[in-house]
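K.L.:
The structure is given below, and queries will be raised subsequently.
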Amino acid sequence: MLSSRFHRVRIAQIEQQMHVLENQMSLLRAEKETIEDDLATIVYPILTLPHEITSKIFVHYVDDRWRHSPLELRAVCNSWRQVALSTCWLYTRITSRHVDHLAAWLPLSGDLPLTLDFNSYYPSSSSEFRMLCQLLSDYSARWQSLTLTTIHGGVMPVHLPGTFSSLETVYFNSFCWASSEAVTIPMLHAPRLGALQLDCGRLMSQWHTVLPWPQLTKLDVNKGLEQWWQILPHTPNLEALRITDGFRNGIPENQFQFMPMIVLPHLRTLEFQFIDCCDMFEHLTSPALQNLIIPVTSDWKWDLMEPFVARSRCTIRNVELRISQEEDEDVVVRFFEEFRLSSVRQLTIIAPTKDTLLLVVNTLCDDDHLIPMLETLRIVDFQFQAPLIPIADMLSARSQRVLTEDESKTMANLKSFELTFSSEVLSSRDDSELHDDLGVQLDQALETLCHLQSKGLRVDIQTTFDRMGSAIDLDMIKRIRADGDSFKT
């Protein structure tokens, strides 16, 4: 058993150690205070900016795609926290489904228009859903854009009380947009609603009474909506229509031939994603149609296009073609050989392969009667290093051809050539070996393109050139930027 003397000795030792540590702590506190004083005298340039400029920087940081949260900015320092809290735009996108979070978030948005991404995972009968709806309805007059995703039937924005005086765009992404409720749903009062996107399997039974269809100017239909073709007679003011499923989807074969003619007098842009969408031309009249976006496939029915154009008396000026990388070259050649739109002035080709691009340009140059009014050729999202030399050679040879008076000339009216690379191609520009070789090719090709520009062709490939850095000579860029009239060969 330890004696009392041992305990007293141990206590004395501990007190001595504590005294040493307290002296060390005093020294550390003094050093810490000195460092903090020195740190306080350091002025960070970013913190000297006016709050208005810092606020603009924050807006660009968050940007329209909302890849970053404003909460990240508030956590940096007190100064940034104050700026972030006072920048109302940062809080105009609503994604949370938690009532307490929204209650704190919404007041920070000031009186700005709101973008709601409304994912309803609560059953419509739950108390959480009712509280959420009540909170959001208090701000309904400021809704500008609404994305509604549901997994429970009967969840519609019209279930929410309030007015929607600022609502312009609605996107319905519903796994079950089919109301089983016996109550009558009132018409959604949204006088500014113009754009609607439907991404659902079937419409609710009261679809024709819950939305102001006649005032829509833009309609986007996705994912096998069975009754979508029934909607069009109710949308006479459509200006843009995008369909990403087959026209005959949900239409019995024995009823298809008896479908009434659909007249869309204001439709200017029509986009199809699938080949059987072209069956729609048999049942459509659109006198104002100017822009057509279609896939390049072997089964495209040009024989339906001609009577449609004649019946509508429309003049299609712009055509955008999406060419699959798996598409056979013979299909591409046949598609252009059967091209039946002589009024086209701008042709855009999306994501072609190198061989396909050369094939298209060569076909355009060889056929005197193919797209004779073409003024602008755009190559967008090109997946490979550009074959600029052969393209420039073909365009140059075409521009110098001497034709008889009765011959038309596909490239004679060409005024603009635009080429934009995909991000995958641009990401390889740091490869030194490829970079040097590309620089030589571009130098030669640009000489030819500059020569074309001197003849009046506007060469618009500046965006790509700027992103390729040292592969492009500065003088060459200046020459490309120069106007055709001032260019000196």
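Number 206 in the UniProt record's numbering belongs to position 206 of the sequence shown; there are no gaps in the numbering.
Idealized CB from N, CA, C, for every residue including glycine.
Computed from a predicted structure; not experimentally measured.
Report the rounded CA-to-CA distance for V20 versus L28, giving the unit in angstroms.
P.N.:
Here residue 20 refers to the residue found at position 20 when the sequence shown is read from its first residue. Here residue 28 refers to the residue found at position 28 when the sequence shown is read from its first residue. Looking at the two C-alpha atoms, the distance is approximately 12 angstroms.
K.L.:
Going by the CB atoms, is the gap between I350 and W320 shorter than 8 angstroms?
P.N.:
Taking the first residue of the sequence shown as position 1, residue 320 is located at position 320. Taking the first residue of the sequence shown as position 1, residue 350 is located at position 350. The question names Trp, yet the displayed sequence has Glu at residue 320. It is a contact, given that the beta carbons lie within the stated cut-off.
K.L.:
Using the Cα positions of R313 and F339, report the straight-line distance between them to the nearest angstrom.
P.N.:
Here residue 313 refers to the residue found at position 313 when the sequence shown is read from its first residue. Here residue 339 refers to the residue found at position 339 when the sequence shown is read from its first residue. Looking at the two C-alpha atoms, the distance is approximately 18 angstroms.
K.L.:
List the DSSP bridge partners of Y171.
P.N.:
The residue you call residue 171 lines up with position 171 of the sequence shown. In DSSP, Y171 forms a bridge with T147 and Q197.
K.L.:
Helix, strand or coil for I323? Go by DSSP, reduced to three states.
P.N.:
Locating residue 323 in the sequence shown gives position 323, where the first residue counts as 1. Coil, per DSSP.
K.L.:
Which class does Q16 belong to by DSSP, given the choice of helix, strand or coil?
P.N.:
Stepping through the sequence shown from its first residue, residue 16 is reached at position 16. In the structure shown, Q16 sits in a helix (DSSP, three-state: H, G or I).
K.L.:
Which runs of the beta strand (DSSP E) fall wholly inside the stretch 331–389 and span at least 3 residues, in chain order?
P.N.:
Counting whole runs of 3 or more residues, the stretch 331–389 contains the beta strand (DSSP E) stretches 346–350 and 376–382.
K.L.:
Consult DSSP for T184 and reduce its assignment to one of helix, strand or coil.
P.N.:
As a first step, residue 184 is located in the sequence shown; it is residue number 184 there, counting from the start. Confidence in T184 is poor, its pLDDT being 46 and thus under 50, which makes the residue's placement unreliable; the coordinate value appears in the next sentence. Residue state, collapsed to three classes: coil.
K.L.:
In terms of residues, what are the limits of the beta strand (DSSP E) holding R242?
P.N.:
Your numbering for residue 242 matches position 242 in the sequence shown. Note, R242: beta strand (DSSP E), A240 to I243.
K.L.:
Is the stretch 301–308 in contact with the stretch 281–289, if contact means three or more CB pairs nearer than 8 angstroms?
P.N.:
Contact holds: three or more Cβ-Cβ distances are below 8 angstroms.
K.L.:
Pick out whichever of D366, I371, V332 and Q346 has its Cα sitting closest to the Cα of residue 491.
P.N.:
Since the displayed the chain opens at 1 and closes at 489, residue 491 lies outside it and no answer follows.
K.L.:
How big is the Cα-Cα spacing for L304 and T244?
P.N.:
Residue mapping note: residue 304 aligns to position 304 of the sequence shown, counting from 1. Residue mapping note: residue 244 aligns to position 244 of the sequence shown, counting from 1. Whole-angstrom Cα-Cα distance: 19 angstroms.
K.L.:
Mark P295 as exposed unless 16 or more other C-beta atoms lie within 10 angstroms of its C-beta, in which case mark it buried.
P.N.:
Reading the sequence shown from its first residue, position 295 is the one you call residue 295. Buried, since its Cβ has 16 or more Cβ neighbours within 10 Å.
K.L.:
Run through DSSP, which three-state label would F417 get?
P.N.:
Along the sequence shown, read from residue 1 onward, the residue named residue 417 stands at position 417. Residue state, collapsed to three classes: strand.
K.L.:
Got a sec, what are the start and stop residues for the beta strand (DSSP E) I293 sits in?
P.N.:
Counted from its first residue, the sequence shown places residue 293 at position 293. Its beta strand (DSSP E) spans residues N291 to P295.
K.L.:
Is it the case that the Cβ atoms of L232 and L264 are separated by a distance below 8 angstroms?
P.N.:
In the sequence shown, the residue the question calls residue 232 occupies position 232. In the sequence shown, the residue the question calls residue 264 occupies position 264. Against a cut-off of 8 angstroms, the Cβ pair of L264 and L232 comes out as a contact.
K.L.:
The beta strand (DSSP E) that contains T269, what's its start and end?
P.N.:
Reading the sequence shown from its first residue, position 269 is the one you call residue 269. T269 -> beta strand (DSSP E) spans T269 to F272.
K.L.:
Check whether the stretch 129–145 touches the stretch 99–112, counting contact only when three or more Cβ pairs, one atom from each stretch, lie closer than 8 angstroms.
P.N.:
Yes: at least three Cβ pairs fall under 8 angstroms.
K.L.:
Across which residues does DSSP place K218 in a beta bridge pair?
P.N.:
As a position in the sequence shown, residue 218 is number 218, starting the count at 1. Per DSSP, A195 and A240.
K.L.:
Within 10 Å of its beta-carbon, does T235 have 16 or more other beta-carbons around it, so buried, or fewer, so exposed?
P.N.:
As a working mapping, residue 235 is identified with position 235 in the sequence shown. T235 is buried by the Cβ-count criterion.
K.L.:
Could you give the uninterrupted runs of the beta strand (DSSP E) lying entirely in the stretch 18–47, keeping only those of 3 residues or more?
P.N.:
Runs found: none.
K.L.:
Is it a yes or a no for the stretch 33–53 touching the stretch 66–75, going by three-plus beta-carbon pairs under 8 angstroms?
P.N.:
As far as the Cβ criterion goes, the stretch 33–53 does not touch the stretch 66–75, which means the pair count is below three.
K.L.:
Given a cut-off of 8 angstroms, decide if V344 and I391 are closer than it, judged by their beta-carbon atoms.
P.N.:
Reading the sequence shown from its first residue, position 391 is the one you call residue 391. Reading the sequence shown from its first residue, position 344 is the one you call residue 344. Their beta carbons are not under 8 angstroms apart, which means I391 does not touch V344 by this criterion.
K.L.:
Starting from S137, trace the alpha helix (DSSP H) in both directions and tell me its first and last residue.
P.N.:
Here residue 137 refers to the residue found at position 137 when the sequence shown is read from its first residue. From DSSP, the alpha helix (DSSP H) with S137 extends over S127 to S137.
K.L.:
Based on the DSSP output, what are the partners of R93 in its beta bridges?
P.N.:
Start at 1 with the first residue of the sequence shown, and residue 93 comes out as number 93. R93 pairs with T115.
K.L.:
Hey, how far is the Cα of E72 from the Cα of L148?
P.N.:
In the sequence shown, counting from the first residue as 1, residue 72 sits at position 72. In the sequence shown, counting from the first residue as 1, residue 148 sits at position 148. One C-alpha to the other measures close to 26 angstroms.
K.L.:
Mind reading off the beta-carbon distance from Q84 to R74? Whole number of angstroms is fine, and I expect it under 8 angstroms.
P.N.:
As a position in the sequence shown, residue 84 is number 84, starting the count at 1. As a position in the sequence shown, residue 74 is number 74, starting the count at 1. The amino acid at residue 84 is misidentified as Gln; the sequence shows Ala. That pair is a contact at about 5 angstroms.
K.L.:
Quick one: what does DSSP say L284 is sitting in, helix, strand or coil?
P.N.:
The count along the sequence shown starts at 1 and reaches residue 284 at position 284. Reduced to three states, the DSSP call for L284 is strand.
K.L.:
Which residue from P70, N78 and S416 puts its Cα closest to that of C88?
P.N.:
Within the sequence shown, the letter at position 88 stands for residue 88. Per the Cα distances, P70.
K.L.:
Between T356 and E375, is the Cβ-Cβ spacing less than 8 angstroms?
P.N.:
Stepping through the sequence shown from its first residue, residue 356 is reached at position 356. Stepping through the sequence shown from its first residue, residue 375 is reached at position 375. Taking 8 angstroms as the Cβ cut-off, T356 and E375 do not qualify as a contacting pair.
K.L.:
Pull up the distance between the alpha-carbon of A12 and that of A40, whole angstroms please.
P.N.:
Here residue 12 refers to the residue found at position 12 when the sequence shown is read from its first residue. Here residue 40 refers to the residue found at position 40 when the sequence shown is read from its first residue. For A12 and A40, the distance between alpha carbons rounds to 42 angstroms.
K.L.:
Quick check on the DSSP output: the alpha helix (DSSP H) that includes residue 502 runs from which residue to which?
P.N.:
This structure leaves residue 502 out entirely; the chain is present only between 1 and 489.
K.L.:
With the cut-off set at 8 angstroms, would you say N237 and T217 are in Cβ contact?
P.N.:
Within the sequence shown, the letter at position 237 stands for residue 237. Within the sequence shown, the letter at position 217 stands for residue 217. It is a contact, given that the beta carbons lie within the stated cut-off.
K.L.:
Using a threshold of 8 angstroms, state whether the C-beta atoms of L341 and L377 are closer than that.
P.N.:
Start at 1 with the first residue of the sequence shown, and residue 341 comes out as number 341. Start at 1 with the first residue of the sequence shown, and residue 377 comes out as number 377. Taking 8 angstroms as the Cβ cut-off, L341 and L377 do not qualify as a contacting pair.
K.L.:
Could you give the C-beta distance for L188 and E168, rounded to a whole number, given that I count them as a contact under 8 angstroms?
P.N.:
Within the sequence shown, residue 188 is the residue found at index 188, counting from 1. Within the sequence shown, residue 168 is the residue found at index 168, counting from 1. No, L188 and E168 are not in contact; Cβ-Cβ is about 13 angstroms, not under 8 angstroms.
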